[in-house]
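Per numbering that gives the first Met the number 0, the very first residue in the sequence shown carries number 0; after that it's consecutive.
Structure first, commentary second.
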Amino acid sequence: MIRTKILFLSLCAMGILAAVFGAAQMWTDFLDWDVFLKLMGTLLLLGTELSFLMAVDYDLPSSRRKWLLLGLVVVSVLSCGMVTLQIWVQFFQWAIFVKLLATLGIAFLLLGFLLAVAEDFGSNKRLKDRNFID
Numbered sequence: 000m001i002r003t004k005i006l007f008l009s010l011c012a013m014g015i016l017a018a019v020f021g022a023a024q025m026w027t028d029f030l031d032w033d034v035f036l037k038l039m040g041t042l043l044l045l046g047t048e049l050s051f052l053m054a055v056d057y058d059l060p061s062s063r064r065k066w067l068l069l070g071l072v073v074v075s076v077l078s079c080g081m082v083t084l085q086i087w088v089q090f091f092q093w094a095i096f097v098k099l100l101a102t103l104g105i106a107f108l109l110l111g112f113l114l115a116v117a118e119d120f121g122s123n124k125r126l127k128d129r130n131f132i133d
């Protein structure tokens, strides 16, 4: 519950920062456009990651496959960190960056698929064990 509140307040802070920086840039043009776009992209990326983490934090207590869910979190945090690093300092060559990001995307999809199948199979097995379905 506390983690969800912290994540929610962080998400609200990201939105407020984006609004303030957007309005300030519009009226005063105080940042170079490349820095402004990097900053807004970072805020968007971190806000999306916080939203995902809030959803996972909500589902984690009731999930029977916590290790798959935590695997999704690890892959998403790695991806978010890698993209943020690439936005600001271009740590990787672009070809390597795209390959790494695609690999993490495949891992994310695979873990998500395994989680969905495991959760679905587990609920159907429970229904079958209780003679609700054949």
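Just so you know, even glycine gets a beta-carbon here, dropped at the ideal spot from N, CA and C.
- The segment 10-96 is shown to contain whole alpha helix (DSSP H) runs of 4 or more residues at 32-58 and 65-88, in chain order.
- Residue environment analysis places S78 among the buried positions, since at least 16 neighbouring C-beta atoms fall within 10 angstroms of its C-beta.
- Per the coordinates, the alpha-carbon of L67 lies some 23 Å from the alpha-carbon of I5.
- Nearest C-alpha to Q85 among L38, A17, L10 and A22: L38.
- A contact between stretches requires three or more CB pairs, one per stretch, nearer than 8 Å, and the segment 56-73 meets this requirement with the segment 108-117.
- Non-local C-beta neighbours of V55 in its own chain, meaning closer than 8 Å and more than five positions away in sequence, comprise L68, L71 and V72, ordered along the chain.
- In this structure, F107 and V74 form a Cβ contact; the two beta carbons are roughly 5 Å apart against a cut-off of 8 Å.
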